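When the letters of the sequence shown are read in order and numbered with the working numbering, they come out as residues 3 to 267.
C-beta: ideal position from N, C-alpha, C; glycine also.
Treat the numbers as computed from the prediction; the structure is a model and nothing was measured.
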Amino acid sequence: MKLISFVAIKGGVGKTTLALLNGQYLASKGHKILFIDLDHQSNLTHFYDVYEDSGTVANIFTGSGDVTILSVAPNIDLIPGSMRLDDAERRLETDPNQNMYLYDWLGDNLESKNLDQYDYVILDCRPDFGIATRNAIAVSHVLFSPIIPSDFAFEAKENLEVRLEQYRKTEIVRPSRESLITAQLYFVPNMIKHNTAKSKELLEALKNDKSVVGLIPQKELFNRATKEETVIDMMLDSTLRSEHRTFFSVLEGTLNYIKEVTDNS
3 MKLISFVAIK GGVGKTTLAL LNGQYLASKG HKILFIDLDH QSNLTHFYDV
53 YEDSGTVANI FTGSGDVTIL SVAPNIDLIP GSMRLDDAER RLETDPNQNM
103 YLYDWLGDNL ESKNLDQYDY VILDCRPDFG IATRNAIAVS HVLFSPIIPS
153 DFAFEAKENL EVRLEQYRKT EIVRPSRESL ITAQLYFVPN MIKHNTAKSK
203 ELLEALKNDK SVVGLIPQKE LFNRATKEET VIDMMLDSTL RSEHRTFFSV
253 LEGTLNYIKE VTDNS
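Structure, rendered in structure tokens:
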């Protein structure tokens, strides 16, 4: 079982879309997927028309009730998000174990929730470096963060890198002083338009960066996606695949690249 977190400091970079794409792609290959929605906006949860107010991810951090695992699509299950997760985080601000609640919950429920049935657990985090995000990072094998063409792209990238390194130094095992935070961070250029100067500048600046994996082109098809017809469903449709051959070729190459990096982590 591989645990993957999709993280960002800046909102609006396509983090949830990237998490969904990867989970749906892996599910289409026959892998069993568990989504954990740690974003207070719960966009991943709402994508599947789930609007739960009990049994949500917030219970992992409060211990106040059971956590529901819902089947939302073939090979895909979901622990629904909570728009009140920030309340749970505030209660943990003085708790010395605040960053390990998810780690403990996964360990305590591995057998009772049959968590070892999943090939990949995908965590969609809020665009911040708060308690829930740090919990996700602590359990993850690998982290992916979208980076989009903008004036603040590199500032957000550096911010996340610095915060992660600081976090590694905070969560250590004594007396060895080895970090508990072992996940490697990778960046995925997203919303790339090959005819714009911003996109060209971003790709040129990142071309020798070994932490960068593939790219995701900008495409109107993303706005058409629903739970009944996902972008991955469109990719598997021979007519659409032929019509948008270049886009789907680049997209599938990136998704395979991300899978390879994850499997080797």
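Around the beta carbon of GLY216, 16 or more other beta carbons lie within 10 angstroms, which makes this residue buried. Taking a C-beta distance under 7 Å as the contact criterion, ALA29 and ILE78 qualify as a contact pair. Take LEU5, set aside five residues on each side of it, and the residues of its chain with a beta-carbon closer than 6 Å to its own are VAL123, VAL141, SER142 and HIS143, in chain order.
In this structure, the beta-carbon distance from GLU167 to ILE133 does not fall below 7 Å.
For ILE149, the enclosing beta strand (DSSP E) begins and ends at 144-149.
A contact is defined here as three or more CB-CB pairs under 8 Å, and the region 16-24 fails this definition with respect to the region 97-115. In the three-state scheme derived from DSSP, where H, G and I count as helix and E and B as strand, GLU180 is classed as strand.
In this structure, the beta-carbon distance from ILE234 to ASN24 does not fall below 7 Å.
If you draw a straight line from the Cα of PHE156 to the Cα of ILE183, it is about 23 Å long. Note: LYS4 is bridge-paired with TYR122 in the DSSP secondary-structure output. The residue among ASP55, ILE35 and PRO98 with its C-alpha nearest the C-alpha of SER73 is ILE35. Remark: C-beta atoms of ARG136 and ASN101 approach each other more closely than 7 Å. A contact is defined here as three or more CB-CB pairs under 8 Å, and the region 38-57 fails this definition with respect to the region 177-192. Shown here, GLN220 sits in coil according to DSSP, grouped into three states, outside any helix or strand. A Cβ-Cβ distance of about 6 Å is found for the pair SER7 and ILE139, placing them in contact under the 8 Å criterion. Shown here, ALA60 sits in a helix according to DSSP, grouped into three states. In the DSSP annotation of this structure, the continuous segment of the alpha helix (DSSP H) that includes ASP88 starts and ends at 87-93.
Per DSSP, ASP51 lies in no beta strand (DSSP E) segment and is marked neither H nor E.
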